[in-house]
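Trainee: Residue numbers (our numbering): 124 to 466.
Quick reminder that beta carbons are idealized off the backbone N, C-alpha and C, glycines included.
Before we start, here is the structure in question, set down as structure tokens.
If you want it as structure tokens, here you go:
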């Protein structure tokens with residue numbers, strides 16, 4: 124049996140890469156509930172760890188039920204465990220909290236139950252619970268626009284942080300909102316995998332960001348592919364209308380990929396595609412980490428673009444890019460930051 128202690132967090136130099144040795148330990152586990160099993164298996168494959176599904180179901184009144192199967196309890200106790208779970212839709216928040224509660228009870232050795240099944244108390248094995256959130260629900264509610272509004276992303280972040288030792292998120296809409304949590308947060312990105320996929324399937328000549336705020340993602344993809352990049356100018360006309368305009372883009376005769384963190388309705392992508400084609404682009408593709416695709420977005424997009432590409436952070440029909448490697452980098456970063464060592 125291994126126990127784990129948390130040492131003070133360390134500050135890593137910018138040129139230091141994650142320590143691969145920390146993610147090659149055997150017998151560690153990745154667990155998941157009902158809403159992120161594919162990403163959990165991809166993460167487990169990336170780390171070379173085991174994956175176990177927790178028991179989840181719903182009562183007739185729609186309340187959720189969570190249980191760690193008996194055959195998984197030892198695995199959850201003997202090594203640090205990574206729970207992969209989305210906080211979208213709202214039911215995902217409750218499921219995530221219940222799974223964290225069950226994991227913490229098992230690691231503390233609290234197995235008391237009314238049916239008196241098995242041992243009731245075991246040794247407390249200490250901290251060792253990481254939460255990986257492929258898509259962080261409420262991430263766009265990261266600011267207060269009117270007095271009295273809840274900053275929802277911050278509230279949910281603090282709630283989750285109270286039940287785990289560290290959090291991994293990838294391609295969060297606005298990372299700043301989670302920077303003051305009481306546990307370390309690893310902000311990672313699927314842009315390396317997205318760039319590789321685009322290069323192998325589309326081979327774009329130009330990468331475009333829908334606005335200046337997302338230019339870092341476009342820059343990362345363009346650098347990996349070795350092509351040009353730019354962004355659209357965004358002008359707010361009124362509270363409900365935003366106009367995007369292409370700015371001096373050299374896309375005549377080129378294949379262009381529009382890259383963003385998420386695609387919801389697809390309206391911005393469609394308008395961008397129109398602007399690009401008006402400037403001579405021969406093909407336009409849309410790529411994102413998080414494919415929400417709400418309100419008939421796919422049907423709308425395919426009228427304007429030649430392809431839609433997304434990770435499986437959320438279940439969607441355009442899931443062609445694995446999110447496992449991005450989450451694995453985040454896990455590795457937290458193992459380094461937390462400095463968990465064997466007693």
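Across the region 150-163 and the region 173-190, are there enough close Cβ pairs to call them in contact, namely three or more that are closer than 8 Å?
Mentor: Result yes; three or more Cβ-Cβ pairs closer than 8 Å.
Trainee: Since residue 173 is in the beta strand (DSSP E), which residue starts that stretch and which ends it?
Mentor: Within the chain shown, residue 173 is the residue found at index 50, counting from 1. Its beta strand (DSSP E) spans residues 173-176.
Trainee: Over the uninterrupted alpha helix (DSSP H) stretch that includes residue 169, give me the two end residues.
Mentor: Position 46 of the chain shown holds residue 169. Looking at the DSSP string, the run of the alpha helix (DSSP H) that includes residue 169 is 160-170.
Trainee: Just list the residues that DSSP pairs residue 344 with in beta bridges.
Mentor: One-based indexing of the chain shown puts residue 344 at position 221. Answer by DSSP bridge pairing: none, since residue 344 is not bridged.
Trainee: Give the range of the beta strand (DSSP E) segment to which residue 151 is assigned.
Mentor: One-based indexing of the chain shown puts residue 151 at position 28. Note, residue 151: premise wrong, no beta strand (DSSP E); not H, not E.
Trainee: Closest to residue 313 by C-alpha separation, out of 261, 204, 235, 453, would be which residue?
Mentor: Translated into the one-based positions of the chain shown, residue 313 becomes position 190. Among 261, 204, 235, 453, the Cα nearest to that of residue 313 belongs to 453.
Trainee: Look at residue 227 and residue 252 and say whether their C-beta atoms are less than 8 Å apart.
Mentor: Mapped onto the chain shown, residue 227 falls at position 104. Mapped onto the chain shown, residue 252 falls at position 129. Closer than 8 Å, so yes.
Trainee: In terms of residues, what are the limits of the beta strand (DSSP E) holding residue 282?
Mentor: The residue you call residue 282 lines up with position 159 of the chain shown. Counting along the chain, residue 282 falls outside any beta strand (DSSP E), though it belongs to the alpha helix (DSSP H) covering 275-284.
Trainee: By DSSP's criteria, residue 222 is part of a beta bridge. Which residues make up the other side?
Mentor: The residue you call residue 222 lines up with position 99 of the chain shown. Per DSSP, none; premise fails for residue 222.
Trainee: Can you name the start and end residues of the beta strand (DSSP E) that residue 206 belongs to?
Mentor: What you label residue 206 is simply residue 83 of the chain shown in a count that begins at 1. Looking at the DSSP string, the run of the beta strand (DSSP E) that includes residue 206 is 204-207.
Trainee: When the Cα atoms are used, what is the spatial distance from residue 306 to residue 248?
Mentor: Taking the first residue of the chain shown as 1, we reach residue 306 at position 183. Taking the first residue of the chain shown as 1, we reach residue 248 at position 125. Take the alpha-carbon of residue 306 and the one of residue 248: they are about 19 Å apart.
Trainee: Let me know the secondary structure DSSP gives residue 253 once reduced to three states.
Mentor: Walking along the chain shown from the start, residue 253 turns up at place 130. Note: residue 253 maps to strand in three-state DSSP.
Trainee: Count the other C-beta atoms from every protein chain shown that fall within 10 angstroms of the C-beta of residue 285, then say buried if there are 16 or more, exposed otherwise.
Mentor: Position 162 of the chain shown, counted from the start, is the residue given in the question as residue 285. It counts as exposed.
Trainee: Closer than 8 Å is the cut-off here; do at least three beta carbon pairs connect the region 431-439 with the region 405-422?
Mentor: yes
Trainee: First and last residue of the beta strand (DSSP E) that includes residue 331?
Mentor: Within the chain shown, residue 331 is the residue found at index 208, counting from 1. Segment 329-332, the beta strand (DSSP E) holding residue 331.
Trainee: Residues bridged to residue 233 by DSSP?
Mentor: Within the chain shown, numbered from 1, the residue matching residue 233 stands at position 110. DSSP lists 244 as partners of residue 233.
Trainee: Using three-state DSSP, classify residue 432 as helix, strand or coil.
Mentor: Here residue 432 is taken as the residue at index 309 of the chain shown, counted from 1. Residue state, collapsed to three classes: strand.
Trainee: Taking the C-alpha atoms as reference points, what is the distance between residue 277 and residue 288?
Mentor: Residue mapping note: residue 277 aligns to position 154 of the chain shown, counting from 1. Residue mapping note: residue 288 aligns to position 165 of the chain shown, counting from 1. Distance between the alpha carbons of residue 277 and residue 288: 17 Å.
Trainee: Within the continuous alpha helix (DSSP H) that includes residue 199, where are the two ends?
Mentor: Position 76 of the chain shown, counted from the start, is the residue given in the question as residue 199. It spans 193-201 - the alpha helix (DSSP H) in which residue 199 sits, taken as one unbroken run.
Trainee: Is it right to say residue 94 is buried, meaning 16 or more other beta carbons lie within 10 angstroms of its own, or is it exposed?
Mentor: Past the boundaries of the shown model lies residue 94; the chain is included only from 124 to 466, so the question cannot be answered.
Trainee: Going straight from the alpha carbon of residue 340 to that of residue 214, what length do you get?
Mentor: By 1-based counting over the chain shown, the position of residue 340 is 217. By 1-based counting over the chain shown, the position of residue 214 is 91. Their Cα atoms are separated by approximately 30 Å.
Trainee: Alpha carbon to alpha carbon, how far is residue 257 from residue 168?
Mentor: In the chain shown, the residue the question calls residue 257 occupies position 134. In the chain shown, the residue the question calls residue 168 occupies position 45. Between residue 257 and residue 168, the C-alpha separation is close to 16 Å.
Trainee: Compare the Cα-Cα distances from residue 209 to each of 199, 292, 151, 282 and report the closest residue.
Mentor: Mapped onto the chain shown, residue 209 falls at position 86. The residue with the shortest Cα to Cα distance from residue 209 is 292.
Trainee: Around the C-beta of residue 200, are 16 or more other C-beta atoms found within 10 angstroms, so that it is buried, or is it exposed?
Mentor: Position 77 of the chain shown, counting from 1, holds the residue named residue 200. It is buried - the Cβ of residue 200 has at least 16 other Cβ atoms within 10 Å.
Trainee: Exposed or buried, which one is residue 377 when buried takes at least 16 other CB atoms within 10 Å?
Mentor: Looking up residue 377 in the chain shown gives position 254. Under this definition residue 377 is a buried residue.
Trainee: When the Cα atoms are used, what is the spatial distance from residue 423 to residue 229?
Mentor: Here residue 423 refers to the residue found at position 300 when the chain shown is read from its first residue. Here residue 229 refers to the residue found at position 106 when the chain shown is read from its first residue. Distance between the alpha carbons of residue 423 and residue 229 is about 47 Å.
Trainee: Beta-carbon separation of residue 456 and residue 309 under 8 Å?
Mentor: Translated into positions along the chain shown, residue 456 becomes position 333. Translated into positions along the chain shown, residue 309 becomes position 186. Result yes, Cβ atoms of residue 456 and residue 309 sit closer than 8 Å.
Trainee: How long is the line joining the alpha carbons of residue 458 and residue 164, rounded to whole angstroms?
Mentor: Here residue 458 corresponds to residue number 335 of the chain shown, with the count starting at 1. Here residue 164 corresponds to residue number 41 of the chain shown, with the count starting at 1. Their Cα atoms are separated by approximately 19 Å.
Trainee: Quick one, are the C-beta atoms of residue 320 and residue 443 less than 8 Å apart?
Mentor: On the chain shown, position 197 is the one that residue 320 refers to. On the chain shown, position 320 is the one that residue 443 refers to. The answer is yes: Cβ separation under 8 Å.
Trainee: Helix, strand or coil for residue 336 per DSSP?
Mentor: Against the chain shown, residue 336 aligns to sequence position 213. Reduced to three states, the DSSP call for residue 336 is helix.
Trainee: Can you tell which of 302, 233, 346, 446 has the C-alpha that lies nearest to the C-alpha of residue 246?
Mentor: On the chain shown, residue 246 is found 123 positions in, with the first residue counted as 1. Here the closest residue by C-alpha is 233.
Trainee: Helix, strand or coil for residue 295? Go by DSSP, reduced to three states.
Mentor: For the purposes of this step, residue 295 is taken as residue 172 along the chain shown, with counting starting at 1. The answer is coil: DSSP assigns residue 295 none of H, G, I, E or B.
Trainee: CB residue 395 to CB residue 431, shorter than 8 Å?
Mentor: Taking the first residue of the chain shown as 1, we reach residue 395 at position 272. Taking the first residue of the chain shown as 1, we reach residue 431 at position 308. It is not a contact, given that the beta carbons lie outside the stated cut-off.
Trainee: State the DSSP-derived secondary structure class of residue 362, mapped to helix, strand or coil.
Mentor: The residue you call residue 362 lines up with position 239 of the chain shown. Reliability fails at residue 362, whose pLDDT of 42 lies under 50, so the model's placement of it is uncertain and the value that follows must be treated cautiously. Looking at residue 362 - three-state DSSP - the assignment turns out to be coil, as it is neither helix nor strand.
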